[in-house]
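Peer 1:
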Amino acid sequence: MLETLLQGMLLGGLYCLFALGQSLMFGVMRLTNTAQGDFIMLGAFAAIAGMNALAALGWSHGSAPFVVMLALLPLAFGFGYALQRWVLNGTLGRDPLPSLVVTFGLSIVIQNLLLELFSADPRSIETSGLNTASVALPAGLAIGVLPLAIFALALLATGALQWLFNGTRLGRAFRAVSDDKEIAELMGLNSNTVYALATAIAFVLIALAGVLQGMRTTVSPADGPLLLLFAFEAVIIGGMGSFWGTLIGALLLGITQQIGFRLDPGWGIWVGHIVFLIVLVLRPQGLFPKTRG
Amino acid sequence: MAQVEVIRSTAVSRAALWVGLVLIVVAAGLPFWAPEGSGSSWMREFVEIACYLIFAMMWNLLAGYGGMVSIGQQAFFGFGGYVMLMLGNFAGVNPFVAVPLGALAAALIAVPVSFVAFRLQGGYFAIGTWVIADVFRLSFANMSVVGGGSGTSLTALRGIEKATRENLTFWIALACVVAAITLIYLFLRSKRGLALLAIRDNEVAAESQGIAVAGMKLAVYVVAAFGAGLAGALYFVGNLRISPDAAFSVNWTAFAIFMVVIGGIGRIEGPIVGALIFWALNKCFSSYGTWYLMGLGLLAIVVTIFFKQGLWGWAQRRFGLSLFPTQRTLRL
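In structure tokens form, the structure reads like this:
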């Protein structure tokens, strides 16, 4: 039982990284990015392509995945900025349809592009044994080094985002445009730039999540939609606009899925969905809401 | 007091009505006039596109008129299909009779589903309904009585001769399309249709004018579920084989969104035009596989950003065309 809980928490750490980008974009501009999961897959496959390129140059040191990851993060920042600035900003408004259709269209484009480039075969990022290494705990338990590192990164990322939101000038700008875009613009903020920066940061987290997912397990181009659903569930369970809430939501989702998997492998994800729906019925604003829909 | 005349139809719409009637009669006779050998494949193609069209019209009703953008309508599509199959295979109901029953079952289950789904709005509603559809998929994938994840076949139609089966499926599909268009058209022309348009334009203002917004939204959601279930039941009567991944695939809603957005959202002609374009694109380019799907995705993005009203919206503004006018024009 203890082991199931522990495994569930570690899984939740990964879900938290899937969800933080979504939470940020929800919180700042009420934008529902239906391609969230596909962008995570894009990040994973970009890392795989980067590894292949390094290997082709004859460089296959154990640190290769981390070099690729570090190179990928600024790229993701620029990509997110450009996407928001020149595509998604034009779709924002009272009507949710344009942004939904555009991100949904992007999701289809990305899925099929990855399918064309990488085929439907599952792949993973070679970590030279890191993904199977584990540390022994008392009471005969053992936990993987990589899941533990992912969990630590999730805590770090959540704390960093919360600090960015509450303690910096940029965070104040995020909160201002989130509360009232028109007034924030009257105060001299350019909401288009603020939105673009929010998405840029979200995409750094998305790329990070993608690389880690590719290291931990196999990825295939059609995985995206399910990851989107997990990310969404974590955000809604946790409550809009609170990053610690998103972390708690992700942990709850990870633990319930793990318990479900333990009961019957076919029902794990189903149990997670049902817990999400129960929270939705009992507490539609989520557990720790900050901003209002 | 000035005499006011309410005009509800145009010359074009009256002509469209007659052309439509002639087309229906010609289409209904297809099994008799189609050339030997190709009638069967034409009918199969018609049944398939009819399912897409009905599904897209219902999505248009939900999103374009009801303002509820759902990515989870495949829940009702698959549910209608599975109920039809189970009634046919296990309860001994004639599958053709089971088609409307499957639709009815989808409408019934939409009531409790709405209780959960309506907790969310806007973009959250869209993904929330997707989660619900995934619950449906996983539930059926874990039911061994219908073959679990690999699905099962509609065995109840085995005793019926192939030609009879195909003709019947075709006629039922034609009847469903005609009924769906007619009912949506009449509904939107009615007083309740006017209320729905008011809700779409401004929910708060509509409520303040005495429209029961919550009840109206529930009604639209249930009707859209009925239509989606009808399309699903019909599709799997024609297809004879069902599996959770096919029945609850998000692609159903993706294609519906594509058709509605390309044709023009919030107008009856939209999904019809969109379905015709989709059918033509499918015929010409579907052999390109992934590149074709990428093209569809890009087209939807471009149309959404640059041509918000879709093709028919453009035609309507440019030429004042309206085949199914729902507005009331006052002439003094």
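Protein sequences appear in the order of chains A and B. For the first sequence, this note's numbering assigns the number 1080 to the initial residue and increments by one for each residue that follows. For the second sequence, this note's numbering assigns the number 33 to the initial residue and increments by one for each residue that follows. Ideal Cβ positions, reconstructed from N, Cα and C, are used throughout, including at glycine. For clarity, every value in this text was computed on a predicted model and none was experimentally measured.
Closer than 8 angstroms by C-beta to Glu1082 (chain A): which residues in its own chain qualify, once you throw out the five before and the five after it? Chain order, please.
Peer 2: Here residue 1082 (chain A) corresponds to residue number 3 of the first sequence, with the count starting at 1. These residues qualify, in order along the chain: Leu1220.
Peer 1: From B:Phe157, B:Val254, B:Ala278, pick the residue whose C-alpha is nearest to that of Pro144 (chain B); which is it?
Peer 2: In the second sequence, the residue the question calls residue 144 (chain B) occupies position 112. Put simply, of B:Phe157, B:Val254, B:Ala278 the residue whose alpha carbon is nearest the alpha carbon of Pro144 (chain B) is B:Val254.
Peer 1: So the candidates are A:Leu1085, A:Gly1091, A:Leu1089, A:Cys1095; which of them puts its Cα closest to the Cα of Ala1281 (chain A)?
Peer 2: Taking the first sequence and counting its residues from 1, the one referred to as residue 1281 (chain A) is at position 202. Among A:Leu1085, A:Gly1091, A:Leu1089, A:Cys1095, the Cα nearest to that of Ala1281 (chain A) belongs to A:Cys1095.
Peer 1: Cα-Cα, which of B:Asn283, B:Ser70, B:Leu85, B:Arg169 is closest to Leu266 (chain B)?
Peer 2: Here the question's residue 266 (chain B) lines up with position 234 in the second sequence. The option with the nearest alpha carbon to Leu266 (chain B) is B:Leu85.
Peer 1: Which of the three DSSP states, helix, strand or coil, is assigned to Ile1353 (chain A)?
Peer 2: Walking along the first sequence from the start, residue 1353 (chain A) turns up at place 274. Ile1353 (chain A): helix per DSSP, three-state reduction.
Peer 1: Please classify Arg360 (chain B): does DSSP put it in a helix, a strand, or coil?
Peer 2: The residue given as residue 360 (chain B) occupies position 328 in the second sequence. Residue state, collapsed to three classes: coil.
Peer 1: Going by other Cβ atoms of all chains shown within 10 Å of its Cβ, with 16 needed for buried, is Tyr156 (chain B) buried or exposed?
Peer 2: Start at 1 with the first residue of the second sequence, and residue 156 (chain B) comes out as number 124. Residue environment analysis places Tyr156 (chain B) among the buried positions, since at least 16 neighbouring C-beta atoms fall within 10 angstroms of its C-beta.
Peer 1: Using a Cβ-Cβ distance under 9 angstroms, would Asn271 (chain B) count as near chain A?
Peer 2: The residue labelled residue 271 (chain B) in the question sits at position 239 within the second sequence. Taking a beta-carbon distance threshold of 9 angstroms, Asn271 (chain B) does not count as an interface residue toward chain A.
Peer 1: Under 6 angstroms Cβ to Cβ from Gly96 (chain B), same chain only, skipping five residues before and after it: list those, please.
Peer 2: The count along the second sequence starts at 1 and reaches residue 96 (chain B) at position 64. So the list reads Ile297, Gly298, once near-sequence residues are dropped.
Peer 1: Strictly under 9 angstroms for the Cβ-Cβ distance: is Gly1208 (chain A) near chain B by that measure?
Peer 2: The count along the first sequence starts at 1 and reaches residue 1208 (chain A) at position 129. For Gly1208 (chain A), the answer is no, since every Cβ of chain B falls outside 9 angstroms of its Cβ.
Peer 1: Excluding five sequence neighbours on each side, which residues of the same chain lie with their C-beta closer than 6 angstroms to the C-beta of Ala130 (chain B)?
Peer 2: As a working note, residue 130 (chain B) is residue 98 in the second sequence. Once the five neighbours on either side are set aside, the close Cβ partners of Ala130 (chain B) are Met116, Leu119, Gly120.
Peer 1: Please work out which residues of its chain come closer than 6 angstroms, Cβ to Cβ, to Val1350 (chain A), disregarding the five sequence neighbours upstream and downstream, and give them in chain order.
Peer 2: Reading the first sequence from its first residue, position 271 is the one you call residue 1350 (chain A). Correct list, in chain order: Thr1335, Gly1339.
Peer 1: Check whether the Cβ atoms of Ile159 (chain B) and Phe111 (chain B) sit closer than 9 angstroms, and answer yes or no.
Peer 2: Here residue 159 (chain B) is taken as the residue at index 127 of the second sequence, counted from 1. Here residue 111 (chain B) is taken as the residue at index 79 of the second sequence, counted from 1. Contact: no.
Peer 1: Of all Cβ atoms in chain B, is any one closer than 9 angstroms to the Cβ of Gly1100 (chain A)?
Peer 2: To locate residue 1100 (chain A), count along the first sequence from 1; it is residue 21. It does not; no Cβ of chain B falls within 9 angstroms.
Peer 1: Going by beta-carbon coordinates alone, are Ile1167 (chain A) and Thr1182 (chain A) separated by less than 9 angstroms?
Peer 2: Stepping through the first sequence from its first residue, residue 1167 (chain A) is reached at position 88. Stepping through the first sequence from its first residue, residue 1182 (chain A) is reached at position 103. The question names Ile, but residue 1167 (chain A) in the sequence shown is Leu. Cβ distance < 9 angstroms, so Leu1167 (chain A) and Thr1182 (chain A) count as in contact.
Peer 1: Label Gly1141 (chain A) either buried or exposed according to how many other C-beta atoms from any shown protein chain fall within 10 Å of its C-beta, with 16 as the threshold for buried.
Peer 2: In the first sequence, counting from the first residue as 1, residue 1141 (chain A) sits at position 62. Counting Cβ neighbours within 10 Å, Gly1141 (chain A) comes out exposed, since fewer than 16 surround it.
Peer 1: Measuring straight from C-alpha to C-alpha, what distance separates Phe122 (chain B) and Val1214 (chain A)?
Peer 2: Locating residue 122 (chain B) in the second sequence gives position 90, counting from the first residue. Locating residue 1214 (chain A) in the first sequence gives position 135, counting from the first residue. The alpha-carbon atoms of Phe122 (chain B) and Val1214 (chain A) are separated by roughly 53 angstroms.
Peer 1: Going by C-alpha to C-alpha distance, which of A:Pro1344, A:Ala1143, A:Leu1179, A:Ser1321 sits closest to Ala1239 (chain A)?
Peer 2: As a working mapping, residue 1239 (chain A) is identified with position 160 in the first sequence. Nearest of A:Pro1344, A:Ala1143, A:Leu1179, A:Ser1321 to Ala1239 (chain A), Cα basis: A:Ser1321.
Peer 1: On the DSSP bridge assignment, give the partners of Arg273 (chain B) in chain order.
Peer 2: Counted from its first residue, the second sequence places residue 273 (chain B) at position 241. Paired residue(s): B:Ser185.
Peer 1: Would you mind sorting Cys316 (chain B) into buried or exposed? The rule is 16 or more other CB atoms within 10 Å of its CB.
Peer 2: Taking the first residue of the second sequence as position 1, residue 316 (chain B) is located at position 284. Counting Cβ neighbours within 10 Å, Cys316 (chain B) comes out exposed, since fewer than 16 surround it.
Peer 1: What does the alpha-carbon distance come out to for the pair Ala1098 (chain A) and Val1314 (chain A)?
Peer 2: Here residue 1098 (chain A) is taken as the residue at index 19 of the first sequence, counted from 1. Here residue 1314 (chain A) is taken as the residue at index 235 of the first sequence, counted from 1. Going from the Cα of Ala1098 (chain A) to the Cα of Val1314 (chain A) covers about 6 angstroms.
Peer 1: Do we get a CB-CB distance below 9 angstroms when we pair Ile1285 (chain A) with the residues of chain B?
Peer 2: Taking the first residue of the first sequence as position 1, residue 1285 (chain A) is located at position 206. Not one chain B Cβ lies under 9 angstroms of Ile1285 (chain A).
Peer 1: Using a Cβ-Cβ distance cut-off of 9 angstroms, determine whether Val148 (chain B) contacts chain C.
Peer 2: Included in the structure are the protein chains A and B, with no chain C among them.
Peer 1: Give a yes or no on contact between the segment 1215-1235 of chain A and the segment 347-358 of chain B, applying the rule of three or more CB pairs nearer than 8 angstroms.
Peer 2: With a cut-off of 8 angstroms, the segment 347-358 of chain B and the segment 1215-1235 of chain A do not count as touching, because too few Cβ pairs lie within range.
Peer 1: If you draw a straight line from the alpha carbon of Ser176 (chain B) to that of Phe1158 (chain A), how long is it in whole angstroms?
Peer 2: Residue numbering aside, residue 176 (chain B) sits at position 144 when the second sequence is read from its first letter. Residue numbering aside, residue 1158 (chain A) sits at position 79 when the first sequence is read from its first letter. So the two alpha carbons sit approximately 45 angstroms from each other.
Peer 1: So for Ile39 (chain B), helix, strand or coil by DSSP?
Peer 2: As a position in the second sequence, residue 39 (chain B) is number 7, starting the count at 1. In the structure shown, Ile39 (chain B) sits in a strand (DSSP, three-state: E or B).
Peer 1: According to DSSP, is Arg299 (chain B) helix, strand or coil?
Peer 2: On the second sequence, residue 299 (chain B) is found 267 positions in, with the first residue counted as 1. Here Arg299 (chain B) sits in coil by DSSP.
Peer 1: Take every Cβ of the segment 1298-1316 of chain A, pair it with every Cβ of the segment 1221-1236 of chain A, and state whether three or more of those distances are shorter than 8 angstroms.
Peer 2: no
Peer 1: Would you mind working out which of B:Ala137, B:Thr187, B:Pro132, B:Leu136 sits nearest Ile274 (chain B), comparing C-alpha positions?
Peer 2: Indexing the second sequence from 1 puts residue 274 (chain B) at position 242. Closest by alpha carbon: B:Thr187.
Peer 1: Which term fits Gln359 (chain B), buried or exposed, when burial requires 16 or more other beta carbons within 10 angstroms of its beta carbon?
Peer 2: Start at 1 with the first residue of the second sequence, and residue 359 (chain B) comes out as number 327. Exposed, since its Cβ has fewer than 16 Cβ neighbours within 10 Å.
Peer 1: Going by DSSP, which residues form a beta bridge with Ser1213 (chain A)?
Peer 2: Working through the first sequence from its first residue, we reach residue 1213 (chain A) at position 134. For Ser1213 (chain A), which the question treats as bridged, DSSP gives the partners A:Gly1223.
Peer 1: Grouping DSSP H, G and I as helix and E and B as strand, with all else coil, what is Arg1371 (chain A)?
Peer 2: Numbered from 1 along the first sequence, position 292 holds the residue referred to as residue 1371 (chain A). Its pLDDT being 49, under 50, Arg1371 (chain A) is placed unreliably in this model, and the value from its coordinates should be taken loosely. Residue state, collapsed to three classes: coil.
Peer 1: Quick one: does Arg1164 (chain A) have its CB under 9 angstroms from some CB of chain B?
Peer 2: Looking up residue 1164 (chain A) in the first sequence gives position 85. By this cut-off, Arg1164 (chain A) is not an interface position.
Peer 1: From Val1188 (chain A) to Ala1161 (chain A), what does the alpha carbon distance come to, in whole angstroms?
Peer 2: For the purposes of this step, residue 1188 (chain A) is taken as residue 109 along the first sequence, with counting starting at 1. For the purposes of this step, residue 1161 (chain A) is taken as residue 82 along the first sequence, with counting starting at 1. C-alpha separation (whole angstroms): 17 angstroms.
Peer 1: Taking only beta-carbon atoms, is Arg1202 (chain A) less than 9 angstroms away from chain B?
Peer 2: Here the question's residue 1202 (chain A) lines up with position 123 in the first sequence. Closer than 9 angstroms: no.
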